[in-house]
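Protein chains in written order, with the working numbering: chain A, 2 to 250; chain B, 6 to 364.
Here is the structure:
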């Protein structure tokens, strides 16, 4: 997209729409930075050099995504608020660090590549479909890259689960309770825990329909992607459904 | 070698059913979900196993399987959502294959959606529509109702609504040699004519498309298709008529005069075990271990170790096949469920019909 097209796209947005897209981009940038930090931590947990390098490559990839989203925000003349200490994201990062401290590499992979990436893939696709090209193209391209991370996790975790299904499911459930509850609260209809720390002004969720989005669809598609990923890993359907059924709405 | 004997593919019939199932899965510590939230959840759920099922035969045999919900939203069963729902049924069928089931049965609306196109489903697993055992249970239900009220089938005028469908035509063929008069009602005139010609040598047959007019001549009714307006039937039926609602979804409510019972439901006398324990939640009926005939057909065939596409749809069910599946079902203690309807058990009301006619 050239400069003239960017200017035209920006001018055709109302101030409210620009604010909504800006708040969405703030979430996306922060999520990518959390991903970059998680992959860096993972690189310290891996013993194998090739795995360390791959984790660092993924960390660099997530950082690159954050830069891409920042550029999109700049193109609509919006300054994103990126804050990895914002309440929900801080809880996700703390859960990850907790697992890392326990030496639970598999738990860390589940958090980053199953939970966070499933959310990213599904919500980015929804946003890509609703957003004007100046925003949508970047979300679409990054969703495709994030889907590769999910594929990576499925291959690894499927083998891991096959070794001891009961222990794997118990461990995955514990991680689910901690992280998915936080993610579900982020996309719940109302912001029960108070301000997310990233929206500029009031919570963006009630304004999503102004740009063709809805929290129910973002939440629904994210949980659907999460369930499909758990299916691919081999977690029984009735088990994962019970986990998801208990999440906040 | 398959790791499971059967898969039952179904879906929730109402938001109240969805609320009950998801409520139980959420556990007692979570608040019940309001319908608005349920609507925003169910439509996104990918088809999946929601419980493991073990069917116990009275012969001592067991069959192990799964219940897979296609998660068709209960208010999206109409033709506007055909493509979407077909996709859900095919995904549910793929789930049955992933589970390693040798045989899958297509419960509720799933076989109606496919219209006999079993070729759309994955290979390497047998699929049965479950319609043959459904028909067997419908005819046993009619026999039971007539026995309770002391009427003779040979003197009955039996109206079959949805007569040209897979279940309706099978019922017509089964009753043709046993009933006084057969009245066929359907929307497709050419199919009606063909069925009439097939059966007219066996009994007195009438046919038509005007339900109100046909209902006035009947004292016994099988609704093999859900009625767009049940009042068209109920307002025209003679008093003391008996209606077997075997349509899907069931929408004929008892009215003054006519007695309605649900058709096509059976009971696993040897018992059904579910994990998680959704017995009575997934199958909310007044009696335990009751299920729709379509689902029971899968369990019956699995208990008999006959992992085959017994029912293939498209009007191929013969009276001989109905009798055959019934014999198999009986061997394993799969019986007709006590008759009931939306309001609950109904057999005592049918007995009262007999007493009324005698007084």
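All residues carry an ideal CB built from backbone N, CA and C; glycine is no exception.
**Request:** Can you tell me the Cβ-Cβ gap for residue 173/B and residue 229/B, rounded? I've got them flagged as a contact below 8 Å.
**Result:** Translated into positions along the second chain, residue 173/B becomes position 168. Translated into positions along the second chain, residue 229/B becomes position 224. Their Cβ separation, rounded to whole angstroms, is 3 Å, which keeps residue 173/B and residue 229/B in contact under 8 Å.
**Item:** Contact set between residue 42/B and chain A, taken where Cβ atoms lie within less than 9 Å
**Value:** Here residue 42/B is taken as the residue at index 37 of the second chain, counted from 1. From the beta-carbon of residue 42/B, the residues of chain A found nearer than 9 Å are 190, 217, 250.
**Message:** Quick check: is the beta carbon of residue 268/B nearer than 8 Å to any beta carbon in chain A?
**Reply:** Locating residue 268/B in the second chain gives position 263, counting from the first residue. Cβ-Cβ to chain A under 8 Å: no for residue 268/B.
**Item:** Buried or exposed by the 16-neighbour rule on C-beta atoms within 10 Å, applied to residue 41/B
**Value:** Taking the second chain and counting its residues from 1, the one referred to as residue 41/B is at position 36. That one is exposed.
**Message:** Please report the distance separating the alpha-carbon of residue 164/B from that of residue 218/B.
**Reply:** Here residue 164/B corresponds to residue number 159 of the second chain, with the count starting at 1. Here residue 218/B corresponds to residue number 213 of the second chain, with the count starting at 1. Whole-angstrom Cα-Cα distance: 11 Å.
**Prompt:** Counting only beta-carbon atoms, is residue 232/A nearer than 8 Å to chain B?
**Reply:** The residue given as residue 232/A occupies position 231 in the first chain. Chain B, which has a Cβ nearer than 8 Å to the Cβ of residue 232/A, makes this yes.
**Prompt:** Okay, do the region 55-65 of chain B and the region 214-232 of chain A touch, 3+ Cβ pairs below 8 Å being the bar?
**Reply:** In the pairwise beta carbon analysis, the region 55-65 of chain B is classified as not touching the region 214-232 of chain A: fewer than three pairs are separated by under 8 Å.
**Request:** Specify whether the region 152-162 of chain B and the region 117-134 of chain B touch according to this definition: at least 3 beta carbon pairs, one from each stretch, less than 8 Å apart.
**Result:** No, they do not touch.
**Message:** Taking the straight line between their C-alpha atoms, what separation do you get for residue 30/A and residue 85/A?
**Reply:** As a working note, residue 30/A is residue 29 in the first chain. As a working note, residue 85/A is residue 84 in the first chain. CA-CA distance, residue 30/A to residue 85/A, rounds to 9 Å.
**Request:** Could you pull the start and end residues of the alpha helix (DSSP H) that residue 298/B belongs to?
**Result:** Within the second chain, residue 298/B is the residue found at index 293, counting from 1. Counting along the chain, the alpha helix (DSSP H) containing residue 298/B begins and ends at 298-308.
**Item:** C-alpha distance - residue 333/B paired with residue 221/A, whole-angstrom precision
**Value:** Here residue 333/B refers to the residue found at position 328 when the second chain is read from its first residue. Here residue 221/A refers to the residue found at position 220 when the first chain is read from its first residue. So the two alpha carbons sit approximately 43 Å from each other.
**Prompt:** Can you list the residues of chain B that residue 131/A reaches, using a CB-CB cut of under 9 Å?
**Reply:** Residue numbering aside, residue 131/A sits at position 130 when the first chain is read from its first letter. Per Cβ cutoff of 9 Å: no residues; residue 131/A is ~16 Å from chain B at best.
**Request:** Closer than 8 Å, Cβ to Cβ, to anything on chain A: give me those residues from the region 32-59 of chain B, in chain order.
**Result:** Taking 8 Å as the Cβ-Cβ cut-off against chain A, the residues of the region 32-59 of chain B that qualify are 32, 35, 38, 42, 45, 46, 48, 49, 50, 51, 53, 54, 55, 56, 57.
**Asked** Which stretch, first to last residue, makes up the alpha helix (DSSP H) that contains residue 100/A?
**Response** The sequence position of residue 100/A within the first chain is 99, counting from 1. Its alpha helix (DSSP H) spans residues 88-102.
**Request:** Could you tell me which residues DSSP puts in a beta bridge with residue 253/B?
**Result:** Mapped onto the second chain, residue 253/B falls at position 248. Beta-bridge analysis with DSSP links residue 253/B to no other residue.
**Request:** Excluding the 5 residues preceding and the 5 following residue 170/B in the sequence, name in chain order all residues of the same chain whose CB lies nearer than 8 Å to its CB.
**Result:** Taking the second chain and counting its residues from 1, one reaches residue 170/B at position 165. So the qualifying residues of the chain are 191, 229, 230, 320.
**Own chain residues within Cβ distance below 8 Å of residue 110/A, not counting five before or after** = Translated into the one-based positions of the first chain, residue 110/A becomes position 109. Around residue 110/A: 43, 154, 157, 158.
**Message:** Quick test of your reading: residue 366/B and residue 318/B, contact by CB under 8 Å. State the CB separation rounded to the nearest angstrom.
**Reply:** Here chain B covers residues 6 to 364 and nothing more, so residue 366/B does not appear.
**Reference residue 71/B; option with closest CA among 38/B, 51/B, 109/B** = Position 66 of the second chain holds residue 71/B. Nearest to residue 71/B by C-alpha distance, out of 38/B, 51/B, 109/B, is 109/B.
**Prompt:** Can you name the residues that DSSP bridges to residue 38/B?
**Reply:** Within the second chain, numbered from 1, the residue matching residue 38/B stands at position 33. Residue pairing by DSSP leaves residue 38/B without any beta bridge partner.
**Prompt:** Name the chain A residues whose beta carbon is nearer than 8 Å to that of residue 374/B?
**Reply:** Missing from the structure shown is residue 374/B; chain B here goes from 6 to 364 and no further.
**Item:** Minimum Cβ-Cβ distance from residue 225/A to chain B less than 8 Å
**Value:** Residue numbering aside, residue 225/A sits at position 224 when the first chain is read from its first letter. It does; some Cβ of chain B falls within 8 Å.
**Request:** Identify every run of the beta strand (DSSP E) within the region 105-140 of chain A, keeping only runs that are complete inside it and at least 3 residues long; order them along the chain.
**Result:** For the region 105-140 of chain A, not a single whole beta strand (DSSP E) run of length 3 or above is found.
**Item:** Alpha carbon of residue 254/B to alpha carbon of residue 18/B, nearest angstrom
**Value:** Here residue 254/B refers to the residue found at position 249 when the second chain is read from its first residue. Here residue 18/B refers to the residue found at position 13 when the second chain is read from its first residue. Distance between the alpha carbons of residue 254/B and residue 18/B: 7 Å.
**Message:** Our contact map puts residue 203/B next to residue 188/B with C-beta atoms below 8 Å; I'd like the distance itself, whole angstroms only.
**Reply:** Counted from its first residue, the second chain places residue 203/B at position 198. Counted from its first residue, the second chain places residue 188/B at position 183. Here residue 203/B is actually not in contact with residue 188/B; their C-beta atoms are around 15 Å apart, not less than 8 Å.
**Message:** Here's a check: name, in chain order, each residue in its chain whose Cβ is nearer than 8 Å to the Cβ of residue 68/B, leaving out the five neighbours to either side.
**Reply:** As a working note, residue 68/B is residue 63 in the second chain. Around residue 68/B: 10, 11, 59, 60, 62, 304, 307, 308.
**Asked** Is it the case that the Cβ atoms of residue 24/A and residue 200/A are separated by a distance below 8 Å?
**Response** The residue given as residue 24/A occupies position 23 in the first chain. The residue given as residue 200/A occupies position 199 in the first chain. Contact: yes.
**Message:** In whole angstroms, give me the CA-to-CA distance for residue 120/A and residue 66/A.
**Reply:** The count along the first chain starts at 1 and reaches residue 120/A at position 119. The count along the first chain starts at 1 and reaches residue 66/A at position 65. In a straight line, the C-alpha of residue 120/A is about 15 Å away from that of residue 66/A.
**Asked** Skipping 5 residues on each side, what residues in its chain have a beta carbon closer than 7 Å to that of residue 196/B?
**Response** Taking the second chain and counting its residues from 1, one reaches residue 196/B at position 191. Non-local beta-carbon contacts of residue 196/B in its own chain, meaning distances under 7 Å to residues more than five positions away in sequence, involve 169 in chain order.
**Message:** I want to know whether the region 90-110 of chain A touches the region 171-182 of chain A - three or more CB-CB distances under 8 Å.
**Reply:** With the cut-off at 8 Å, the region 90-110 of chain A and the region 171-182 of chain A touch.
**Asked** Can you name the residues of chain B whose CB is closer than 9 Å to the CB of residue 119/A?
**Response** Within the first chain, numbered from 1, the residue matching residue 119/A stands at position 118. Residues of chain B passing the Cβ test: none, with the nearest at roughly 12 Å.
**Prompt:** Beta-carbon of residue 27/B versus every beta-carbon of chain A: anything under 8 Å?
**Reply:** Translated into the one-based positions of the second chain, residue 27/B becomes position 22. So, interface residue.
**Asked** Would you report the Cα separation of residue 73/B and residue 51/B, rounded to the nearest angstrom?
**Response** Translated into positions along the second chain, residue 73/B becomes position 68. Translated into positions along the second chain, residue 51/B becomes position 46. For residue 73/B and residue 51/B, the distance between alpha carbons rounds to 10 Å.
**Request:** Keeping to the same chain, check which residues put their C-beta closer than 6 Å to that of residue 94/B; ignore five residues upstream and five downstream.
**Result:** Start at 1 with the first residue of the second chain, and residue 94/B comes out as number 89. The beta carbon of residue 94/B sits closer than 6 Å to those of 75, 115, 118, all from its chain and outside the five residues before and after it, given in chain order.
**Prompt:** Of the residues 132/B, 145/B, 249/B, which one's Cα is nearest the Cα of residue 335/B?
**Reply:** Counting from 1 along the second chain, the entry for residue 335/B is found at position 330. When the alpha-carbon of residue 335/B is set against those of 132/B, 145/B, 249/B, the nearest one is in 145/B.
**Prompt:** So, using beta-carbon positions, are residue 108/A and residue 208/A closer together than 8 Å?
**Reply:** Position 107 of the first chain, counted from the first residue, corresponds to residue 108/A. Position 207 of the first chain, counted from the first residue, corresponds to residue 208/A. Taking 8 Å as the Cβ cut-off, residue 108/A and residue 208/A do not qualify as a contacting pair.
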